[in-house]
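S.K.: Pasting a structure here, questions to come.
In UniProt numbering, the protein residues as written are 1 to 481.
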């Protein structure tokens, strides 16, 4: 049963081939048996999952079940779940149990999904390898000596290891797409504001966006259809009509104009990765799409702009974790200053501390104009590149990552090398655009991802393209286990 996709589970539950309870027990057993090798989960919610599965079976029997009713999933541990620890993979929140659900969790609960647990991640979503977690690194199911990508490495690894058919994740600079590429899964970052951020612990508020990781585009479409909604509790939530993202999956892609940026195929790109991406583009040409050479000239500004803006916003957002209201509190503080300093010094890991310091510096008097304002100006230029490109093309495609997964520890001592892992994904977040990664081949038996960037609110078209590509290729079916 663990080999079933979400679409197959939906059909199997309705044809009574198995019950949600049977499926849930099977997957919980599999997690208990195998996840010691991957470390993809922080918390397992067995009792809650079985209760949800029992309720789902009753709804299915009564004939009033929503599409996803009875489907098991997992949530990234940055997403608040009522009564279940939400740690952000940090010592700071190791004891935090939210009294409410994030809006996207509410939506998925309403849709009848079954929550198996909370997945591991880079601490406070800061990282590209899932090595900064307080609970230890996640390991790539394709080779446990390699990273799964980050920060949503736990969600991606759990799906790749067939422990769960789909999971929620968040993407601030590539944290859905990059781990999806490195684990041979399908990951979608929606348009900024498409999925509510209420209840998603903030890293960088103008960049964060939640989305699904699944085995294929059809499954991602099912999950996004349930997750996306307008939310009055989130001032950045888009008031847009509900969309069934599965409705247009079978549309033809003939006549589609695919922009191929020259900046994505230059120095730093692994030649074999480039070859797999080019092969994928040729497959889409065979389906009737047209390749158009384009330029995104300010791509080189994306990483420096991001690594000023994101830490600046993190500096502000993480100031709330001070040892006073909730989260880690140091022992026997001598005064308020000591409470703040030791609680934060003990509670935050090295990468989080590094980004808070960088962000605080960039926002400080005398440096705000020189760094933060300049970064926002660069962000505008990056966004303008996309606006001009979408006057000529329907979507933009290229590699998701510069190379396949790297070995655990290979870049831990070099933050700059780690940051460059997101060189192709960050610009999408700066512009607020939707982006996704789909499997498109293997290099030395490690997965490679094709990145699809769409125009605003064009997720349905992106999912359609991905689904059509997956109808004529089998890369997404290649399994790590």
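All C-beta atoms, glycine included, are put in the ideal place defined by N, C-alpha and C. Keep in mind that this is a model prediction, so the values were computed, not measured.
Who pairs with residue 146 in a beta bridge, going by DSSP?
M.R.: Residue 146 pairs with 407.
S.K.: Kindly indicate which residue of 214, 220, 228 and 136 has the alpha-carbon position closest to the one of residue 197.
M.R.: Per the Cα distances, 228.
S.K.: Buried or exposed: residue 177, going by 16 or more other Cβ atoms within 10 Å of its Cβ?
M.R.: Classification of residue 177: buried, given that the 10 Å Cβ count is 16 or more.
S.K.: Rounded to whole angstroms, what is the Cα-Cα separation between residue 380 and residue 36?
M.R.: For residue 380 and residue 36, the distance between alpha carbons rounds to 44 Å.
S.K.: At what residue ranges does the segment 270 to 327 contain a whole run of the beta strand (DSSP E), taking only runs of 3 or more?
M.R.: Runs of the beta strand (DSSP E) inside the segment 270 to 327: 290 to 294.
S.K.: Is residue 39 helix, strand or coil when you go by DSSP?
M.R.: The answer is coil: DSSP assigns residue 39 none of H, G, I, E or B.
S.K.: Give me the Cα-Cα distance between residue 280 and residue 410, rounded to the nearest whole angstrom.
M.R.: The straight-line gap from Cα to Cα measures roughly 29 Å.
S.K.: Let me know the secondary structure DSSP gives residue 392 once reduced to three states.
M.R.: Here residue 392 sits in coil by DSSP.
S.K.: List the residues that DSSP assigns as beta-bridge partners of residue 68.
M.R.: Beta-bridge pairing links residue 68 to no other residue.
S.K.: Is it the case that the Cβ atoms of residue 385 and residue 298 are separated by a distance below 9 Å?
M.R.: Yes, these two residues count as a Cβ contact at 9 Å.
S.K.: Along the chain, where does the alpha helix (DSSP H) containing residue 221 start, and where does it finish?
M.R.: Element bounds for residue 221: 217 to 227.
S.K.: With contact counted as at least three CB pairs below 8 Å, one residue from each stretch, are the segment 323 to 341 and the segment 88 to 98 in contact?
M.R.: Result yes; three or more Cβ-Cβ pairs closer than 8 Å.
S.K.: Residues in its own chain within less than 6 Å of residue 225 by CB, not counting five upstream and five downstream?
M.R.: Excluding residues within five positions, the ones whose Cβ falls inside 6 Å are 244 and 245.
S.K.: Which residues in the same chain as residue 289 place their Cβ atom closer than 7 Å to its Cβ, once the five residues preceding and following it in sequence are excluded?
M.R.: If we look at residue 289 and ignore the five residues flanking it on each side, its Cβ neighbours are 253, 256 and 258.
S.K.: Taking C-beta to C-beta, are residue 72 and residue 212 nearer than 9 Å?
M.R.: Their beta carbons are not under 9 Å apart, which means residue 72 does not touch residue 212 by this criterion.
S.K.: Which of the three DSSP states is assigned to residue 189 in this structure?
M.R.: Of the three classes helix, strand and coil, the one that applies to residue 189 here is strand, per DSSP.
S.K.: Name the residue from 195, 147 and 133 whose alpha carbon lies nearest to the alpha carbon of residue 347.
M.R.: The shortest Cα separation from residue 347 among 195, 147 and 133 belongs to 133.
S.K.: Which of helix, strand or coil does DSSP assign to residue 341?
M.R.: Helix at residue 341.
S.K.: Considering only residues of the segment 73 to 103, which uninterrupted beta strand (DSSP E) runs meet the minimum length of 3 residues and lie entirely inside it, listed in chain order?
M.R.: Here no run is fully enclosed.
S.K.: Assign residue 392 to buried or exposed, taking buried as 16 or more other Cβ atoms, counted over all protein chains shown, within 10 Å of its Cβ.
M.R.: The residue in question, residue 392, is exposed, as its Cβ has fewer than 16 Cβ neighbours within 10 Å.
S.K.: Below 8 Å on the Cβ atoms is my guess for residue 463 versus residue 217; work out the distance and round it to an integer in Å.
M.R.: Indeed, because the Cβ distance is near 5 Å, the residues count as touching under 8 Å.
S.K.: Would you kindly work out how many angstroms separate the C-alpha atoms of residue 12 and residue 186, rounded to a whole number?
M.R.: Approximately 22 Å between the Cα atoms of the pair.
S.K.: When DSSP builds the beta bridges, which residues end up paired with residue 401?
M.R.: DSSP output for residue 401 lists no bridge partner at all.
S.K.: So, using beta-carbon positions, are residue 131 and residue 154 closer together than 9 Å?
M.R.: Not a contact, by the Cβ cut-off of 9 Å.
S.K.: Which residue marks the beginning of the alpha helix (DSSP H) containing residue 158, and which one marks its end?
M.R.: Unbroken alpha helix (DSSP H) run through residue 158: 153 to 160.
S.K.: Out of curiosity, what's the CA-to-CA distance linking residue 215 and residue 478?
M.R.: Cα-Cα distance, rounded: 10 Å.
S.K.: Quick check on this structure: which residue in 142, 447, 286 and 454 has the alpha carbon closest to the alpha carbon of residue 387?
M.R.: Per the Cα distances, 454.
S.K.: Kindly identify the DSSP beta-bridge partner or partners of residue 210.
M.R.: Answer is 170.
S.K.: Distance cutoff 9 Å, beta carbons only. Does residue 194 sit that close to anything in chain B?
M.R.: No chain B is present in this structure, which holds just one protein chain.
S.K.: Cβ of residue 264 within 9 Å of Cβ of residue 430?
M.R.: In this structure, residue 430 does not lie closer than 9 Å to residue 264 by Cβ.
S.K.: Select from 127, 77, 22 and 46 the residue whose C-alpha is nearest the C-alpha of residue 311.
M.R.: It is 127 whose Cα lies nearest to the Cα of residue 311.
S.K.: Give me the Cα-Cα distance between residue 350 and residue 50, rounded to the nearest whole angstrom.
M.R.: Answer to the nearest angstrom: the Cα atoms are 38 Å apart.
S.K.: Under the assumption that residue 112 contacts residue 80 (Cβ atoms under 8 Å), give the Cβ distance between them as a whole number of angstroms.
M.R.: Actually they do not touch by this definition, with Cβ atoms about 20 Å apart.
S.K.: Which first and last residues belong to the alpha helix (DSSP H) in which residue 415 is found?
M.R.: Counting along the chain, the alpha helix (DSSP H) containing residue 415 begins and ends at 415 to 419.
S.K.: Starting from residue 557 and walking both ways along the alpha helix (DSSP H), at which residues does that stretch end?
M.R.: No answer is possible for residue 557: it lies beyond the span of the chain, which begins at 1 and ends at 481.
S.K.: Can you tell me which of 105, 30, 342 and 116 puts its alpha carbon nearest to the alpha carbon of residue 44?
M.R.: With distances taken between Cα atoms, residue 44 lies closest to 116.
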